[in-house]
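Chains as they are written, first to last, in the numbering used here: chain A, 9 to 455; chain B, 9 to 455.
There are 2 protein chains.
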Amino acid sequence: MTASSALHTDRYELTMLDAALRDGTAQRRCVFEVFGRRLPGARRFGVVAGTGRLLTLLRDFRFGDDELRFLRDEKIVDADTLDYLAGYRFTGNLTGYREGELYFPGSPILTVEGTFAEAVVLETLVLSVLNHDSAIASAAARMSLAAGDRPLAEMGSRRAGEDSAIAAARAAYIAGFSATSNLAAGRRWGIPTMGTAAHAWTLLHDSEEDAFRSQIEALGTDTTLLVDTFDIRTGVETAVRVAGTGLGGVRIDSGDLPTVAADVRAQLDSLGATGTRITVTSDLDEFAIAALAASPVDSYGVGTSVVTGSGSPTAGMVFKLVARQDDAGAWIGVAKASTDKASRGGRKAAFRTREDGVATSELVVVSDGYEELDDAAAHPDARALQVPLVVRGDIDAAAEGPAGVAAARAHHLRVREELPVRALALSRSDPALPTVFTEAAEVAGQV
Amino acid sequence: MTASSALHTDRYELTMLDAALRDGTAQRRCVFEVFGRRLPGARRFGVVAGTGRLLTLLRDFRFGDDELRFLRDEKIVDADTLDYLAGYRFTGNLTGYREGELYFPGSPILTVEGTFAEAVVLETLVLSVLNHDSAIASAAARMSLAAGDRPLAEMGSRRAGEDSAIAAARAAYIAGFSATSNLAAGRRWGIPTMGTAAHAWTLLHDSEEDAFRSQIEALGTDTTLLVDTFDIRTGVETAVRVAGTGLGGVRIDSGDLPTVAADVRAQLDSLGATGTRITVTSDLDEFAIAALAASPVDSYGVGTSVVTGSGSPTAGMVFKLVARQDDAGAWIGVAKASTDKASRGGRKAAFRTREDGVATSELVVVSDGYEELDDAAAHPDARALQVPLVVRGDIDAAAEGPAGVAAARAHHLRVREELPVRALALSRSDPALPTVFTEAAEVAGQV
Chain A
9 MTASSALHTD RYELTMLDAA LRDGTAQRRC VFEVFGRRLP GARRFGVVAG
59 TGRLLTLLRD FRFGDDELRF LRDEKIVDAD TLDYLAGYRF TGNLTGYREG
109 ELYFPGSPIL TVEGTFAEAV VLETLVLSVL NHDSAIASAA ARMSLAAGDR
159 PLAEMGSRRA GEDSAIAAAR AAYIAGFSAT SNLAAGRRWG IPTMGTAAHA
209 WTLLHDSEED AFRSQIEALG TDTTLLVDTF DIRTGVETAV RVAGTGLGGV
259 RIDSGDLPTV AADVRAQLDS LGATGTRITV TSDLDEFAIA ALAASPVDSY
309 GVGTSVVTGS GSPTAGMVFK LVARQDDAGA WIGVAKASTD KASRGGRKAA
359 FRTREDGVAT SELVVVSDGY EELDDAAAHP DARALQVPLV VRGDIDAAAE
409 GPAGVAAARA HHLRVREELP VRALALSRSD PALPTVFTEA AEVAGQV
Chain B
9 MTASSALHTD RYELTMLDAA LRDGTAQRRC VFEVFGRRLP GARRFGVVAG
59 TGRLLTLLRD FRFGDDELRF LRDEKIVDAD TLDYLAGYRF TGNLTGYREG
109 ELYFPGSPIL TVEGTFAEAV VLETLVLSVL NHDSAIASAA ARMSLAAGDR
159 PLAEMGSRRA GEDSAIAAAR AAYIAGFSAT SNLAAGRRWG IPTMGTAAHA
209 WTLLHDSEED AFRSQIEALG TDTTLLVDTF DIRTGVETAV RVAGTGLGGV
259 RIDSGDLPTV AADVRAQLDS LGATGTRITV TSDLDEFAIA ALAASPVDSY
309 GVGTSVVTGS GSPTAGMVFK LVARQDDAGA WIGVAKASTD KASRGGRKAA
359 FRTREDGVAT SELVVVSDGY EELDDAAAHP DARALQVPLV VRGDIDAAAE
409 GPAGVAAARA HHLRVREELP VRALALSRSD PALPTVFTEA AEVAGQV
């Protein structure tokens with residue numbers, strides 16, 4: 009299970025490496041930055057996810073015999089570059105937002121520092137992971153906020169590529185979901201799994217009653233019965249008749265949910281099943297969940313909308329060279345000037361300023377280092393957003409695996425408490441916080 | 009690289025299996041069908057993709073020690089079910105549309121026949137693969153049609169999960185793209201790879217001229233230079249000065265492309281570089297490509313829009329039980345009756361009827377078998393759409409691997425020639441062909 013991740017790479021990264029090894033620029037130290045020019049879907053905040061996965065994939069970013077043979081046979085790089093890749097280890101630094109952290113346009117989500125050679129080849133992998141997972145988490149956080157205290161399960165694996173489905177379950181959990189249907193996500197990331205039966209279960213049997221009876225025998229009275237295969241009213245009646253008033257729950261997967269949920273609640277209560285929970289699962293998104301806030305629903309299952317980022321399937325982050333050394337070792341901030349895609353040169357330090365515990369801005373200091381940041385110091389309640397993830401090639405193992413997921417979820421749930429109330433609205437709008445760029449005075453003109 | 013695919017599975021499939029093994033229904037023979045209730049994005053046709061990947065994943069659908077330990081430790085199934093899963097092999101039949109085939113609402117894209125036990129556990133994996141890959145292929149085919157004879161490269165890996173990116177490159181290639189930037193897709197599926205340099209290449213160097221000179225030394229005059237890092241006009245002038253009029257190509261990644269392409273073409277011609285090609289790559293989708301049809305563009309690179317299905321990131325196909333045997337071995341067509349998600353029971357055979365070589369309908373015969381189909385026989389030019397993919401557990405190896413991809417691409421390019429002209433429009437509309445359901449007379453009332 010330690011397949012190489014090294015070919016999750018766009019060809020141009022290796023052709024640039026090839027040319028840079030020839031002309032000597034490969035060893036120039038560089039700073040690349042990952043940021044989003046805007047938030048996906050004109051939302052009010054984004055959520056960083058994927059960091060822990062990325063760190064593990066970075067461990068496996070090795071060019072073995074199979075990878076090298078392909079690059080040689082296809083004449084993608086020359087012999088010197090093959091030699092370089094055979095010994096490739098990332099020995100630089102990754103500094104970034106904690107997984108689960110909120111982000112805004114221009115937030116320096118990840119900073120990659122190393123030689124041009126070792127850093128440029130990571131572009132595609134870094135962006136694939138962060139763009140996908142952050143898109144899911146950014147959508148999921150809104151659903152989680154809309155659901156309030158009601159449990160929310162992710163069950164969209166069938167509407168996502170089979171591996172992305174696992175990553176989506178992970179991102180949704182970090183952003184506040186409480187469980188997933190995906191067993192691989194349960195095993196890999198320690199996420200609670202859920203699920204009982206599909207319509208096929210009822211159709212397999214000679215009657216709905218047979219199906220319910222069998223499910224209860226196997227899973228106990230506390231299970232959840234899917235009651236809408238034929239007629240919902242009959243389904244509920246049969247469910248309670250078979251299970252008794254101690255039935256754990258019923259699931260509704262079709263119809264106009266506010267109406268149906270109210271009818272089912274009334275029917276359950278009239279049958280004495282006052283403790284039986286109602287789960288709804290039909291094409292929900294954050295807006296449908298919000299519309300059900302006043303309905304007698306006990307939990308939600310969300311599929312398509314969460315795994316596809318609810319209209320924004322990618323976070324649209326980019327990976328840009330923002331600073332490099334020249335031949336004399338001096339740092340130079342660099343940026344492209346294209347009219348519609350300009351970027352901002354220089355290394356950045358980021359802080360969330362707060363007043364009375366409520367976030368007020370994303371403060372980004374263009375600076376050579378992370379000390380002497382007068383602007384941040386002027387905000388006594390500012391919180392530094394970046395942490396070291398990889399130091400001289402040494403990966404922070406605490407951010408990986410199930411422990412990393414649990415930490416990211418806890419961090420997310422904590423920091424979203426800082427959001428101002430206007431950030432919680434679901435409508436399209438400007439970001440909830442302004443991103444304020446300042447130059448650290450004492451290093452102005454440098455990076 | 010033969011990791012098990014068995015946990016790419018929603019928990020409820022295993023809880024249903026568990027209960028079915030207890031009550032004896034696990035051994036009932038069943039027919040499940042994969043179909044889409046509608047086409048993604050109100051398009052005029054869909055493209056089936058993922059079949060070859062699915063067959064390989066089916067080979068690897070095995071419950072090994074790691075998978076079984078997880079299921080036991082988490083108490084997801086009981087000991088008898090663990091025993092069943094330890095010996096799991098799919099021994100049934102998969103019959104389906106060829107990869108690359110077109111589909112319409114209700115097309116029986118894949119039919120899975122086997123015992124309930126062996127078939128139900130495949131639901132999530134089957135849908136994950138077909139929904140993702142078909143969404144990409146359905147979007148990609150429109151881009152390919154809009155591009156006409158101009159080459160079209162997929163370069164969206166950074167905007168998709170790292171594994172889905174490989175599948176997306178594959179699906180786009182099947183639907184008419186000519187190359188990908190993704191090296192893993194090149195290695196795994198034999199797709200041509202492309203790419204030369206990013207903006208970071210120019211920014212790494214002390215001047216744009218240095219960067220161009222170095223790239224040409226490494227890659228030759230026939231390379232493509234990215235000319236929009238600073239000022240495009242200066243970039244083009246520098247490119248031709250450095251490379252000479254034999255420069256292979258320039259790439260433009262920003263700006264209003266019709267205007268910029270015309271200006272760059274005029275400039276190149278005035279400099280004598282009349283053979284230098286122009287590649288454009290900035291946020292293209294099928295509409296932007298169509299809008300550039302009259303512009304002097306030689307090739308396109310498409311990223312985000314193709315890997316995210318251009319607004320429809322999942323094909324929305326479902327996996328439904330449509331027929332099963334009863335205890336006496338008689339077949340019964342089954343379907344759920346939910347008002348908004350009703351399905352149609354019975355096994356289906358599918359044909360594309362044609363007149364003068366132009367497709368006229370998707371004919372779906374609800375039938376027990378694939379012979380004696382009077383309705384199809386009434387259309388002498390009808391083409392049978394289903395082929396055996398797995399026969400009694402034996403997988404059609406020809407549909408797998410790079411050879412399967414090449415065959416799927418050839419099939420797609422051939423069958424889309426049958427489409428009526430109205431199918432080629434990009435606007436939202438009804439499907440280009442009606443789906444006509446009929447019951448095979450001699451088997452009416454049966455499945």
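For every residue, glycine included, the Cβ atom is placed at its ideal position computed from N, Cα and C.
Which residues does DSSP pair with residue i in a beta bridge?
i: B:Phe445; result: B:Val372
i: A:Thr201; result: A:Thr188
i: A:Thr119; result: A:Glu41, A:Thr103
i: A:Gln275; result: BP columns for A:Gln275 are empty, so no partner.
i: B:Ile340; result: B:Arg332
i: B:Phe98; result: According to DSSP, which records beta bridges pairwise, B:Phe98 is partnered with nothing at all.
i: A:Leu234; result: A:Arg259
i: B:Ile286; result: B:Val258
i: B:Gln35; result: For B:Gln35, which the question treats as bridged, DSSP gives no partner whatsoever.
i: A:Ala367; result: A:Arg362
Using the Cβ count rule (16 or more neighbours within 10 Å means buried), how would you classify residue i?
i: B:Val55; result: buried
i: A:Val399; result: exposed
i: B:Thr312; result: buried
i: A:Glu363; result: exposed
i: A:Glu379; result: With a pLDDT of only 48 at A:Glu379, under the threshold of 50, the placement of this residue in the model should not be trusted; the figure read from the coordinates follows. Label assigned to A:Glu379: exposed.
i: A:Pro396; result: exposed
i: A:Arg436; result: exposed
i: A:Ala356; result: Checking the sequence shown, residue 356 of chain A turns out to be Lys, not Ala. By the 10 Å Cβ count, A:Lys356 comes out buried.
i: A:Lys344; result: buried
i: A:Arg19; result: buried
i: B:Ser215; result: exposed
i: A:Ser307; result: buried
i: B:Glu21; result: buried
Helix or strand or just coil, what does DSSP make of residue i?
i: A:Val330; result: strand
i: B:Ala161; result: strand
i: A:Ser152; result: helix
i: A:Ile403; result: strand
i: B:Phe112; result: coil
i: B:Tyr308; result: strand
i: A:Asp86; result: coil
i: A:Gly319; result: helix
i: B:Val128; result: helix
i: A:Val429; result: helix
i: A:Pro439; result: coil
i: B:Ala392; result: strand
i: A:Gly169; result: coil
i: B:Leu47; result: coil
i: A:Val56; result: coil
Please list the partners that residue i has in chain E, where partner means a Cβ-to-Cβ separation under 7 Å.
i: A:Ala431; result: The structure shown contains no chain E; the protein chains it does contain are A and B.
| task | Check whether the segment 186 to 200 of chain B touches the segment 30 to 47 of chain A, counting contact only when three or more Cβ pairs, one atom from each stretch, lie closer than 8 Å. | result | no
| message | So, does the segment 142 to 150 of chain B touch the segment 314 to 330 of chain B, judging by three or more C-beta pairs under 8 Å? | response | yes
| chain B contacts made by the segment 19 to 30 of chain A, where a contact means CB separation under 8 Å | Arg19, Tyr20, Glu21, Leu22, Thr23, Met24, Asp26, Ala27, Ala28, Arg30
| field | Contact the segment 67 to 85 of chain B vs the segment 157 to 164 of chain B: 3+ CB pairs below 8 Å | value | no
| Using 8 Å as the threshold, is the segment 325 to 332 of chain A in touch with the segment 172 to 192 of chain A, meaning 3 or more CB pairs across them? | no
| task | Determine which residues of the segment 108 to 132 of chain A have a Cβ less than 8 Å from any Cβ of chain B, and write them out in chain order. | result | Phe124, Val128, Glu131, Thr132
| field | Residues within the segment 151 to 174 of chain A neighbouring chain B, beta-carbon criterion of under 9 Å | value | Met163, Gly164, Ser165, Arg166, Arg167, Ala168, Gly169, Glu170, Asp171, Ser172, Ala173, Ile174
| request: Output, in sequence order along the chain, the residues in the segment 189 to 216 of chain A whose CB is closer than 8 Å to any CB in chain B. | output: Ser189, Asn190, Leu191, Ala192, Gly194, Arg195, Thr201, Met202, Gly203, Thr204, Ala205, Ala206, His207, Ala208, Trp209, Thr210, Leu211, Leu212, His213, Asp214
| query | Between the segment 280 to 299 of chain A and chain B, which residues of the former have a C-beta closer than 7 Å to a C-beta of the latter? | reply | none
| said: Closer than 8 Å between beta carbons: that is the criterion. Which residues of the segment 226 to 239 of chain B meet it against chain A? | reply: Ala226, Leu227, Asp236, Thr237, Phe238, Asp239
| query | So, do the segment 118 to 131 of chain B and the segment 407 to 427 of chain B have three or more beta carbon pairs nearer to each other than 8 Å? | reply | no
| Of all the residues that make up the segment 240 to 264 of chain B, which are near chain A by a beta-carbon distance shorter than 9 Å? | Ile240, Asp261, Ser262, Gly263, Asp264
| field | Stretch-stretch touch, CB-based, cutoff 8 Å, three pairs: the segment 295 to 306 of chain B with the segment 228 to 243 of chain B | value | no
| query | Quick check: the segment 117 to 124 of chain B against the segment 258 to 276 of chain B, are there 3 or more CB pairs under 8 Å? | reply | no
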